[in-house]
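So the sequence lines, in the order shown, correspond to chains A and B. Residues in the first sequence are numbered consecutively from 410, following the working numbering. Residues in the second sequence are numbered consecutively from 37, following the working numbering. Just so you know, even glycine gets a beta-carbon here, dropped at the ideal spot from N, CA and C. Note sheet for the following structure.
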Amino acid sequence: MTAPTPTLSIEALSVGVRQADQSAKRVVDEVGFTIEPGEMLALVGESGSGKTMIGRAVLGLLPPVARIEAGRIVFQGKDLARASQEDLRRVRGRDIGMVFQEPMVSLNPALTVGFQMMEALRLHHRLPAAEARTRALEMLERVKIADPSGCFRAYPHQYSGGMRQRIMLASVLVMRPALLIADEPTTALDALIQKEVMDIMAALTRDFGTSVLLVSHDLGMVASYADRVVMLRQGKVVEEGASERILLEPKHEYTKMLLESLPTRGARGVAAKHGTAREAGDDALIEIDRVSVEFKKKPRFFWQRAQAFRAVDGASLTLKRGETLAVVGESGSGKTTIGRALVRLARECAGSIRFEGRNLTALRGRDLAAYRLQTQMVFQDPYSSLDPRMTLAAIVAEGLRTLPELSGADRDKRARAMLDEVGLPGDYAERYPHELSGGQRQRVSIARAIVATPKLLVADEPVSALDVTVQKQILRLFADLQRKFGFTYLFISHDLGVVEQIADRVAVMYRGRILECGTRDQVYDSPCHPYTLRLLAATPRIARAGEHGYRLVRHAGAEPPPPEGFRYFEGEGAPVMHEVAAGHVVALKAA
Amino acid sequence: MRFRALLRRPNAIAGGVLLAVMLVAAIAGHVYTPYDPVANDLLARLKAPSMAHWLGTDEWGRDVLSRLLFGAGVSVSISFFTVAAAVTIGALVGVATGYFGGWFERVAMAILDALLAFPSLIMALGMMTVFGPSRVGVIAALSLAYMPSVARVVRGTVLSVREKEYVEASRVMGNSELFTMFRHVLPNCVAPIIVLATALFGWALLAESALSFLGLGVPPPASSWGGMLSDSRNYVGQAPWLALVPGISISVTLLGINLFGDALRDQFDPRMKNL
């Protein structure tokens, strides 16, 4: 990879963002790197590292408050940092393509896929319509869209996120750009889809000789796809080099710190935490027995009967006191709905949920309020889970409102003590949510949930929106609180790495059904169901190897043969839960 | 504490001063006026402003300053109570329909949409024929006419706020639906309500003048700003002060309300606290 002229070379680029007081803050500080033809270079860093700004600066798409202060962006002999809008427009789309993070909003919903794909071809290459159409169709085929000519006439809303991202990729690559900028292209997608899209992107750009500037925070993904890595921190380049060298044999302290923060499998399990081994099945806090939850779709006309959609379909789970049960699955698998049913935000239409032996279905009024003190929830989005009009002390104190024996002063005192407990001491109590970072907000959310010392905590993707270093702190907080107060956690996540670190037991869900459930080691080390295997294989992880090095772990292997007369349950009919080992069940179906 | 902080905003001070002047004039006009606001003096018709009549006289020789001061109380109280009633009822209806949804929402919104379908002035006219020209009649008619648009705006905001996770968090904590609605949903809809309320205040001032013009507002000879403005129409060429005096008063009051409303909106939003 030593071509005489690189595709893109960025030299001492600085970008400033205007602050409220009119001073400029440098978010990109003298960053320089080159991308060779056909190379995939990844810009890696936490939020605020300036990685997205660099990608946008190349295309001249910086937000209005940001400005290039110094440096050059040389692309095909031209300096894009000083190019006119007219020149930039000619380069965009034709020579440099961009794929954005949110596939749901990056295609125009009012135009057909075909129209959007041909638009650029006809604009930049002045191709006749028929030829543009042929090229677009050919491209859709290459991104593995099943019915290209049908897709050509369809509108974006008819496709899922992963399909849209492939369509987006097709409409960008149909121009055969010299450079593709992909800004967190798969962050919004599920693990299996993520792998599909990345595989297609890598294969196509390799075939076309397109250079790729990949902006990402996902170290595992970067290590498995990128050729080279530029590690950024607060706008400065920390380290640069071949991805294996940077990510598997890190030299710089910051890179080491990031890798240290990646979730790892520690000594977990109920026994490890409490020092006393307990028999499986003893002292169940929650028993979920063949529970189904339905959502009604709004009928088109009011005289029609509402159609029901089963988000959870006959799922059974048991939570033992003091353990962490993780529910993993892609979006739409019903994992969140199970959690919501436990805190009574959703109601089951069949089956039963028992809490300490009491059936929840019949709980109303006072009994329901009493139950709610026993279960609390930590939400996913730290930005919308706190009322922006309340101080932190008031937010946390509200968790005690339903305890009548406490005075206002008592509540305030306990709220402050709890904020202290989660690492927000002193005058944090008087602040408002908008003054906090994402990680701090999630701490408030946790404090609010545990201030009335519930028995069960449902955590719905509590660390998904956070950087790895912050994620590590929050996971540690969860573990510390569990040790101290003996909480039982239902931990809902799509991130297998996080689950591996925190869970005692793991349940894998798919389309409302539980496909496999067992202890963490059983599910990760000897998975049975093919879906579990696919999930594990789609998630490359960087794991510690020896004293200083790391290695890229990708689960490979085949499922064990199912018992005689059965096959693995794949979606139709009703599954039979079969116990393959003590406490390890898998969904089967009579063959 | 909040209100002392409010006084640090230049908008709040300017708006507050204008509103204070207005209020003083409105109260003063009912206690003392230089002349009797309804006494005719046909020898002093359409006199330009002078030392005797600071703001001149109208076509019946009545003192414009006295009528302006007296009218201030009438106009401002009508607008104030109209806005207060429309916003209170509209916000409650809007929050309830947006938050609870279901059949209640469908029925309530159907009624509101039917009300919205009438031009508000026509509806007020209809109401006035029932109530007859009086202050209370004007207030009832205008607030009923404006209530549906407030409800619509509030409902729209509620629909987005109720999806926030802090609303769900409140339910999980065992708070009742009503508590959640008043503690978490309504306060987060305040910004559009205040903006709408300031706009409504201006509309109400003008609508009152339109009703007075049609003979359905405040019954003559009592004065109101709207009435003065519409009476001045025939004499704009000869006596421009007749139109200018109530016109400027209305504009300045609106300016005060808008400035104060903006400051209030920012003050109620903790995210804007330090701006």
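Rounded to the nearest whole angstrom, the CA to CA distance from isoleucine 230 of chain B to phenylalanine 894 of chain A is 45 Å. Residue A:Glu757 holds the alpha-carbon nearest to the alpha-carbon of serine 701 of chain A among A:Glu739, A:Ala735, A:Glu757. Scanning A:Ser418, A:Val474, A:Asp438, A:Val440 for the CA closest to the CA of aspartate 430 of chain A turns up A:Val474. Close partners of glycine 808 of chain A in chain B (Cβ separation under 7 Å): Met209.
Closer than 8 Å to the CB of proline 797 of chain A there is at least one CB belonging to chain B. The residue among B:Val281, B:Ile49, B:Val189 with its C-alpha nearest the C-alpha of leucine 128 of chain B is B:Val189. Within the region 216 to 227 of chain B, the residues whose Cβ lies closer than 7 Å to some Cβ of chain A are His220, Pro223, Asn224, listed in chain order.
Serine 432 of chain A counts as exposed, since fewer than 16 other beta carbons sit within 10 angstroms of its beta carbon. In this structure, leucine 623 of chain A sits near valine 631 of chain A, with a CB-CB distance shorter than 8 Å.
Looking at the backbone, the Cα of leucine 782 of chain A and that of valine 737 of chain A are separated by about 26 Å. At a cut-off of 8 Å between beta-carbon atoms, glutamine 785 of chain A makes contact with chain B. Residue burial is scored here from C-beta neighbours: threonine 124 of chain B has fewer than 16 other C-beta atoms within 10 angstroms and is therefore classed as exposed. Cβ neighbours of leucine 945 of chain A within its own chain (closer than 8 Å, five residues either side excluded): Leu905, Tyr933, Pro936, His964. Within the model, the alpha-carbon separation for alanine 861 of chain A versus valine 752 of chain A is close to 15 Å. Nearest Cα to valine 110 of chain B within the set B:Met58, B:Glu201, B:Arg45: B:Met58. Every alpha helix (DSSP H) of 4 residues or more that sits fully in the region 247 to 289 of chain B is shown, in chain order, as 261 to 267.
A direct Cα-to-Cα measurement between glutamine 882 of chain A and methionine 526 of chain A gives close to 44 Å. Rounded to the nearest whole angstrom, the CA to CA distance from threonine 414 of chain A to valine 483 of chain A is 10 Å.
The Cβ atoms of leucine 222 of chain B and asparagine 47 of chain B lie no closer than 8 Å to each other. Note on geometry: alpha-carbon atoms of proline 537 of chain A and glycine 723 of chain A lie some 55 Å from one another. Lys200, Glu201, Tyr202: these are the residues of the region 191 to 203 of chain B whose beta carbon lies less than 7 Å from some beta carbon of chain A, given in chain order. Of the candidates A:Arg775, A:Met577, A:Thr727, A:Met449, the residue whose Cα lies closest to the Cα of serine 620 of chain A is A:Met449.
When the beta-carbon positions are compared, alanine 874 of chain A and aspartate 790 of chain A come within less than 8 Å of each other.
The Cβ atoms of leucine 866 of chain A and glutamine 785 of chain A lie closer than 8 Å to each other. Around the CB of tryptophan 261 of chain B, 16 or more other CB atoms lie within 10 Å, so the residue is classed as buried. Between threonine 811 of chain A and chain B, the shortest Cβ-Cβ separation is below 8 Å.
Taking each of A:Arg730, A:Ile804, A:Lys660, A:Ala1000 in turn and checking the Cα distance to phenylalanine 978 of chain A, the smallest one comes out for A:Ala1000. In the three-state reduction of the DSSP assignment, serine 102 of chain B falls in the helix class. For aspartate 790 of chain A, at least one C-beta of chain B is nearer than 8 Å to its own C-beta. DSSP, read as helix, strand or coil, puts methionine 986 of chain A in strand.
Less than 8 Å divides the Cβ of valine 831 of chain A from the Cβ of leucine 886 of chain A. Closer than 8 Å to the CB of arginine 857 of chain A there is at least one CB belonging to chain B. Within the DSSP bridge table, the entry for glycine 425 of chain A names A:Arg435, A:Arg476 as partners. B:Thr118 is the residue among B:Thr118, B:Gly210, B:Ala84 whose C-alpha sits nearest the C-alpha of valine 172 of chain B.
Taking each of A:Ser846, A:Pro672, A:Leu726 in turn and checking the Cα distance to leucine 694 of chain A, the smallest one comes out for A:Leu726.
Using a Cβ distance threshold of 8 Å, glycine 126 of chain B and methionine 163 of chain B do not count as a contacting pair.
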